[in-house]
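If you read the sequence shown in the numbering used here, its first letter stands for residue 439, the second for the next number, and so on.
Notes to accompany the following structure.
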Amino acid sequence: MSARLGDDISNKKTNGVGKDDATACKWAALSALIAFQDSAKQKGANAVVDLHSFYKRNAVKDPANFECHAGNIMAGVALKGTYAKTK
Numbered sequence: 439m440s441a442r443l444g445d446d447i448s449n450k451k452t453n454g455v456g457k458d459d460a461t462a463c464k465w466a467a468l469s470a471l472i473a474f475q476d477s478a479k480q481k482g483a484n485a486v487v488d489l490h491s492f493y494k495r496n497a498v499k500d501p502a503n504f505e506c507h508a509g510n511i512m513a514g515v516a517l518k519g520t521y522a523k524t525k
């Protein structure tokens, strides 16, 4: 990694109606990842590093899992990461 370009948080929610919790959570996580990708391009970064779950400002640094809260009508995921420029 040649440079770190700052931290950011993406907090995304999705409609949970008609979806099981796992599906709704995956959609919310995908939305958060897409938001990071779009922001990285705008900032001139080509990577997002140290990505972890950050729901209600509670950091969960698990490389395989993320925290999601799903209810009857909505599911939400918050991710925190650092924009970076790699060689």
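Every residue gets a Cβ at the ideal spot worked out from N, C-alpha and C, and that includes glycine.
Quick caveat, the model's predicted, so the values are computed rather than measured.
Candidates the options, of which the one nearest residue i by Cα
i, options, result
"ALA485", "LYS518, THR524, ILE447", "THR524"
"PRO501", "ALA516, ALA462, SER491", "SER491"
"SER477", "MET512, LEU443, LYS451, VAL515", "LEU443"
Residues sharing a beta bridge with residue i, DSSP
i, result
"GLY514", "LYS451, HIS507"
"THR520", "ASP445, VAL487"
Residue i versus residue j: straight-line alpha-carbon distance, rounded
i, j, result
"ASP445", "LYS481", "11 Å"
"ASN503", "LYS464", "11 Å"
"GLU505", "ASN449", "12 Å"
"ASN496", "LEU471", "18 Å"
"ALA508", "ILE447", "19 Å"
Own chain, CB closer than 7 Å to residue i, minus 5 neighbours either side, in chain order
i, result
"ASP488", "GLY519, THR520"
Residues near residue i in its chain [Cβ-Cβ closer than 8 Å; skip 5 each side]
i, result
"VAL498", "HIS490, SER491, PHE492, PHE504, GLU505"
"GLN475", "VAL486"
**Request:** Can you check the region 453-494 for any alpha helix (DSSP H) of at least 4 residues that lies completely inside it and give the ranges in chain order?
**Result:** 459-481
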